[in-house]
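A quick write-up on the structure given underneath.
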Amino acid sequence: MTPSARLSSVIELLTDVENTSGPAEHVIKRYFKARRFAGSKDRRWITEFFYDIQRRRGELVWLAEQGQLAPVPRSLALVGLVYLAGISVEEVESLYLSGSYAADPLSPEEKAVLVSLPDANRDAMPLAVRGNFPDWLMDRLTASYGARMEAVLQSFQDRAPFCLRVNTLKTDREEVCRILAEDGIPCHPTEISPVGIRIEERVNLNSHPVMERGLVEIQDEAAQIAALLADAGPGMNVVDYCCGAGGKALVMAATMQNTGLLRAFDINPRRMKDIAIRTRRAAVGIVQSLALQGNDEDAEILSRIEGEADRVFVDAPCSGSGTWRRQPDQRWSLTPEGLADLVAVQADILDTASALVAPGGRLVYATCSILEEENASQIAAFLARHPDFEILPVSDLWDGVGLSEAEAGQGDFLSLTPADYGTDGFFTAILQRTGA
Ligand SMILES: C[S@@+](CC[C@H](N)C(=O)[O-])C[C@H]1O[C@@H](n2cnc3c(N)ncnc32)[C@H](O)[C@@H]1O
92 MTPSARLSSV
102 IELLTDVENT
112 SGPAEHVIKR
122 YFKARRFAGS
132 KDRRWITEFF
142 YDIQRRRGEL
152 VWLAEQGQLA
162 PVPRSLALVG
172 LVYLAGISVE
182 EVESLYLSGS
192 YAADPLSPEE
202 KAVLVSLPDA
212 NRDAMPLAVR
222 GNFPDWLMDR
232 LTASYGARME
242 AVLQSFQDRA
252 PFCLRVNTLK
262 TDREEVCRIL
272 AEDGIPCHPT
282 EISPVGIRIE
292 ERVNLNSHPV
302 MERGLVEIQD
312 EAAQIAALLA
322 DAGPGMNVVD
332 YCCGAGGKAL
342 VMAATMQNTG
352 LLRAFDINPR
362 RMKDIAIRTR
372 RAAVGIVQSL
382 ALQGNDEDAE
392 ILSRIEGEAD
402 RVFVDAPCSG
412 SGTWRRQPDQ
422 RWSLTPEGLA
432 DLVAVQADIL
442 DTASALVAPG
452 GRLVYATCSI
462 LEEENASQIA
472 AFLARHPDFE
482 ILPVSDLWDG
492 VGLSEAEAGQ
502 GDFLSLTPAD
512 YGTDGFFTAI
522 LQRTGA
């Protein structure tokens, strides 16, 4: 594809995403499925530029509006070419807006804005704009992060690192690092998780032997830490209540040394479809998965195992705000009403899942959110409704489950943002049921 055709594709994609609900990655997948002629380099350029625009959308909208341009996909892409990609206005005109499949030539107003961009003053931008976060979240985040606010917002502008979790049922970290190094893939151990590997370059490992042989899974370090904090041990009875594709279940199966019982539930069978293949590949044999129906039958099934589990892990559906580096489009689609709905669903799930915890057992609540109402406030409300649970501070568990960087594990809860250790934003609370 020519540069102009690539730019036109980015504009089309931005428009499609604006007009569709659901994650951009689905829209992008559909878009390229219908355009088989796009080669892998074209796809990469288009996708990366699309996501760069989403990540810095706040600034791009502001810059367009300062120059009296409507912040429509075309304006954002043009401003992005100059402001983010550092391409000169002359090059934009000659390379990106000429030839077949090119978008219309620059209007005088557009040209005036692009020419002024090298002098753009970031300091003049309000915090929400230069931090590229929705304005309506600013008060909430300031209350949580105070003086660290600017650093936290900035940390969401980087691309997220690529992390693997080593399957300790089959191998160890040294072995995997050695195999990757032999294949010219530079990597290093993660700072906190004892089973994580960080790869600085984006590589496709889907058909690499380390994946095919079940030696590793792709998983952010924060998610590994949360699952390790469950402290699920050999022989335990464990429930992963929102198991999705089983990412946390696989971590717990490894710490359980593939003994005991791990029930994996989720309301969405589509999300669960890879569990069987992932457990087989990882040599995990203790997972029993079951799709919940969201009706009375669930109550019947769950009542049979009430009060039995040593650990119940609730990796709750959430805003995903901690992963907004990876899915930057989602920060622009969350609404206050959507957030309130999520908080209500989380409370419901906690109420139901907590009934499965045995006396003396633990309820582990995790979100990939950095928002207080989904995290500490959710837990405070749960404890007010369930006086038979109490907080087990993560600082008491940190060393015992093999985590490093003691600083990160201070206090009652795990509460990470990318500004701390470059992980996704993540929250975890451990609640112990009294009356063992
Ligand atoms: C954050 S994802 C879980 C990711 C998964 N634990 C992993 O590590 O791959 C949240 C999951 O909660 C599920 N979910 C949403 N509402 C639910 C409910 N009422 N009961 C059980 N699962 C639910 C969603 O289908 C989704 O898979």
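Quick note on numbering: the numbering used here labels position 119 of the sequence shown as 210, and the sequence is numbered without any gaps. Positions of the beta carbon are idealized from the N, C-alpha and C atoms, including for glycine. Just so you know, these numbers come straight off a predicted model, no measurement behind them.
With contacts defined by Cβ atoms closer than 8 angstroms, Q245 and R146 do not form a contacting pair. Cβ neighbours of V173 within its own chain (closer than 7 angstroms, five residues either side excluded): V180, V183, L205, L208. Taking 4 residues as the minimum length, the alpha helix (DSSP H) runs contained wholly in the stretch 97-144 are 115-124, in order along the chain. Between ligand 1 and P114, a heavy atom-to-CB distance of less than 7 angstroms is absent.
With a cut-off of 8 angstroms on Cβ pairs, the stretch 476-483 is in contact with the stretch 507-523, counting three or more such pairs. Assigned with DSSP and collapsed to three states, R453 falls in strand. Within 7 angstroms of the C-beta of G337 there is at least one heavy atom belonging to ligand 1. Between E273 and the set S235, R402, H299, the nearest pair of CA atoms involves H299. Looking at the backbone, the Cα of W489 and that of F504 are separated by about 11 angstroms.
A distance below 7 angstroms between beta-carbons, with the five flanking residues on each side excluded, links Y122 to the following residues of its chain, in chain order: L104, D107. M363 places its beta carbon 8 angstroms or farther from that of F404. Counting C-beta atoms within 10 angstroms of its own C-beta, D195 has fewer than 16 neighbours from the protein chains shown and is therefore classed as exposed. The bridge partners DSSP lists for N328 are L352.
V434 sits close to E465, with the two beta carbons spaced by under 8 angstroms.
The residues S445, in chain order, have a CB closer than 7 angstroms to that of H477 in the same chain once the five nearest residues on each side in sequence are set aside. In the same chain as T138, and ignoring 5 residues on each side of it, the C-beta atoms closer than 8 angstroms to its own belong to I119, in chain order.
Looking at the DSSP output, V405 sits in a beta bridge with Y456.
If the five residues before and after T111 are omitted, its C-beta is found closer than 6 angstroms to the C-beta atoms of V118, all from its own chain and listed in chain order. For a cut-off of 8 angstroms, the C-beta gap from Y512 to A497 is around 12 angstroms, too long to register as a contact. Taking C-alpha positions only, E397 is separated from A314 by approximately 27 angstroms. Shown here for S166: same chain residues with a beta carbon closer than 6 angstroms to its own, the five before and five after excluded, namely A155, L160 in chain order. At a Cβ-Cβ threshold of 8 angstroms, L98 and Y236 do not count as neighbours.
According to DSSP, residue pairing for A382 in a beta bridge involves D357. For R250 and G171, the gap between their C-alpha atoms comes out near 16 angstroms.
A direct Cα-to-Cα measurement between S185 and M240 gives close to 41 angstroms. Non-local beta-carbon contacts of S284 in its own chain, meaning distances under 6 angstroms to residues more than five positions away in sequence, involve E312, Q315, I316 in chain order. Q523 sits in a strand when the DSSP states are folded into three classes. Under DSSP, the beta-bridge partners assigned to H279 are R289.
G493 and R256 have their C-alpha atoms roughly 14 angstroms apart. Three or more Cβ pairs closer than 8 angstroms define a contact, and the stretch 330-341 meets that threshold against the stretch 399-417.
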